[in-house]
Structure formats: structure tokens, C-alpha cells
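Chains as they are written, first to last, in my numbering: chain A, 17 to 167; chain B, 17 to 167.
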DNA sequence: ACAAAATGTCTTAGCGGCTAAGATGTTCAA
DNA sequence: TTGAACATCTTAGCCGCTAAGACATTTTGT
């Protein structure tokens, strides 16, 4: 591998830090717009990004909340119409949390703005460059999850 | 501009969403490792990323917290040794929040892991590709801030 | 088949942080 | 100089979180 100067690394670090802070603010905006707390929005996001419906306990694990707290989260999400409790027919102790809203992108102004913003940015790159960027994003998310989150 | 297929857009949306969720988890890890709440860590991050010291009121604005809450945040950060209260000599009503820790990267394991992870990822690209990625990151953060956060 | 242990969720008590309103101290303007 | 504006702190009340245990269901061991 060629020699990467420290300044380059420093600039990249800055971008990551900046993007990181922007992301936290973005989540706060989305939550506010949906009439949810940051916690509730985070749990709803988990439920939406999962393959199938999650159990209450799995949401507790993924979110880091206690099971008691998750009960409250699901109560509020259910009351607001975002999810529905369904008892698992194969194990009636379990509660499956089913998301009852369709298209993710319908989730208010912040999401639309974020999408528009992304389209605008990507418009500044040609096809070859987009392939580089996609390779980067894919590798970045995978590596970050493996090395930082999944400890 | 050339024609961008919907699937490409969808894949990029997925990466952004994934990265977004990972970032939120990352902040939770960092906060936990520092013995701080998510709120306190967010405020400390604001103070660290600012040019000079911020006032308590400015932190309230930027964080979206009430001034009363910020008083508590600064109390806890000060007690934990991360910041120091300094009265502004030019306007003694104001309280400047001075960060009293040096290198940002000393901030615990998660930060180091994140940095290592970034280095590993960037190692998979040559110099030309890195320039594309940097251009993308710069444009992305700027555009996102302008279009989504600063409404 | 039955009892005991394990599992998954919900309930409750107690704690701590948040908001809103107002108190306190400082600066600005007439 | 005096009243208004400003910046922060204090306080009361509320709400969500954790920890512990209750309840219902499933699994295990005999």
C-alpha cells in the first residue's frame, strides 16, 4: 500500500466526526417530526430495518434497553399507530412487533430532504466514480460494524 | 447528467440508513465508555468540535436542550473532569465551557477502533480513488448540513 | 406425565434528567 | 440612574429508565 500522509487521515477523521454529529441531529429531527422520543424512534428504526418482525426481547438486546423499558416503547409506538403487537403462534410467551406502516420514505420531511440531498450529491459524480463511492460505503459499513459495534 | 437507475439509489439509501444506525450505536458506546449519558456526550462533542469555547446558552441552542438542562450537563461534565466553567471576562453573565482534555483520540477504545477501522477501509483504495471519496465526503457533509439540518 | 427450571414479557418502586417558570446577577439603553 | 434585556441557575413536577420480581408459557429431567 502507498504512503498515506497524516493530514489526509486527519481530514477523513474530521469528515467522519462531522457526519457522525449530523447523523445524531438528523435522528433527533426525524423523531421530533414523528412525535416520538429519540429512544422510540431508534427502536422503530430497528424494527423497520430487520428482516422479519422482532420480538420485544430482541429489541431490548439491540437497543440496550431493559425489557421493562421496551414494554413502554412498544406501548407508545402501538398507541401512535406505528406498530402492532402479535403473539408468536409457535411460542406464545413471545411478542412479535410488526411494523404497520408501508413505505419508509413516507416518514416525513426529514427523510425526503435526506434523500434529495443524497441525489444532489451523487449527481456530481460519473458512473466510475459512483462505483468507487459505493465500494467505499459498502466496505465502510461492513468494517465499522465488525470492528467497532460487534466488538 | 447520466441516467441513474432506481436500484442504485436504493442501494445507496440502504448504506446511508445502515451507517446512520451504526453511528447512533457508536455514540452510545463512546458515552458508556466515558461514563456519560448520551446527552452529556453529545454536548461534550459539540464543545470539542467548536472553534473556541462555547457558552452554556450556545450549547442549549445547538443541543436543543433547555438552559436548565444544560446547567446539569455542565455540572456533570465538570465533575467528571472533562470541562471547566470560566466566566467570560467581557460579559460576566456568560459562562464559557472550556474542554480540559487534550487529544480527542485519547477518548477511549471506541474512538481508536473507529480510527483503525477507517484506516483499514481506506487502505483498499488507491490515491485517485481516495480523492473521489474525499470529494464525496466533503460534499455529502456540506450538502446534508445545508439541506437537512439548517433547514 | 409431571414437577422444576428456564424463558419471555409485563408490572412496579424508586431514581434521575428534562421542561417550564421564575430567581439572580450582569449589561445595555434612554 | 433606572428599567429592560440578557445569560445562567434554581426549583417543582413530570416522564422514562433500571432493577427486581410477578406472571404466563415452554423446556428439561426423571
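Even for Gly, the Cβ is constructed at its ideal location relative to N, Cα and C.
Being a predicted model, the structure only gives us computed values, none of them experimental.
Can you tell which of the options has the C-alpha that lies nearest to the C-alpha of residue i?
i                      : options                    : result
residue 91 of chain A  : A/156, A/57 and A/65       : A/57
residue 114 of chain B : B/167, B/32, B/44 and B/70 : B/70
residue 140 of chain A : B/138, B/150 and B/80      : B/150
residue 60 of chain B  : B/42, B/79 and B/110       : B/79
residue 97 of chain A  : A/43, A/118 and A/41       : A/118
residue 47 of chain B  : B/106, B/93 and B/166      : B/93
residue 162 of chain B : A/85, A/105 and A/134      : A/134
residue 51 of chain A  : A/107, A/33 and A/123      : A/123
Leaving out five residues before and five after residue i in sequence, what residues of the same chain have Cβ atoms less than 8 angstroms from its Cβ?
i                     : result
residue 82 of chain B : 76
Here's a check: name, in chain order, each residue in its chain whose Cβ is nearer than 6 angstroms to the Cβ of residue i, leaving out the five neighbours to either side.
i                      : result
residue 63 of chain A  : 70, 113 and 115
residue 89 of chain B  : 56 and 59
residue 104 of chain A : 110 and 112
residue 37 of chain B  : none
Within this structure, are the beta carbons of residue i and residue j separated by less than 8 angstroms?
i                      : j                      : result
residue 29 of chain B  : residue 131 of chain A : yes
residue 126 of chain B : residue 35 of chain B  : no
residue 136 of chain B : residue 159 of chain A : yes
residue 145 of chain B : residue 148 of chain A : yes
residue 87 of chain A  : residue 72 of chain A  : yes
residue 153 of chain B : residue 31 of chain A  : yes
residue 20 of chain A  : residue 165 of chain B : no
residue 111 of chain A : residue 95 of chain A  : no
Taking its Cβ as the centre, do 16 or more other Cβ atoms sit within 10 Å of residue i, making it buried, or is it exposed?
i                     : result
residue 39 of chain A : buried
residue 99 of chain B : buried
residue 45 of chain A : buried
residue 43 of chain A : buried
What residues in its chain sit with their C-beta under 7 angstroms from that of residue i, if we drop five residues either side in the sequence?
i                     : result
residue 53 of chain B : 47
residue 22 of chain B : none
Margin query: Any C-beta of chain B within less than 8 angstroms: which residues of the segment 125-148 of chain A qualify?
Written below: 126, 129, 130, 131, 132, 133, 134, 135, 136, 137, 138, 139, 140, 141, 142, 143, 145, 146 and 148
Notebook entry, point to check: Residues in the segment 20-53 of chain B with C-beta within 8 angstroms of chain A's C-beta atoms, listed in sequence order?
Noted result: 20, 24, 25, 27, 28, 29, 31, 32, 33, 34, 35, 36, 37, 38, 39, 40, 41, 42, 43, 44 and 45
Next item on the list: Could you name the residues of the segment 58-85 of chain A whose beta carbon sits closer than 8 angstroms to any beta carbon of chain B, in the order they occur along the chain?
Entry: Taking 8 angstroms as the cut-off between beta carbons, the residues of the segment 58-85 of chain A near chain B are 58, 61, 62, 65 and 80, in sequence order.
Check: Which of the residues in the segment 96-111 of chain B, read from start to end, lie with their CB under 8 angstroms from any CB of chain A?
Finding: none
Notebook entry, point to check: Listed in chain order, which residues of the segment 151-167 of chain B have Cβ atoms closer than 7 angstroms to some Cβ of chain A?
Noted result: 152, 153, 154, 155, 156, 157, 159, 160, 161, 163, 164 and 165
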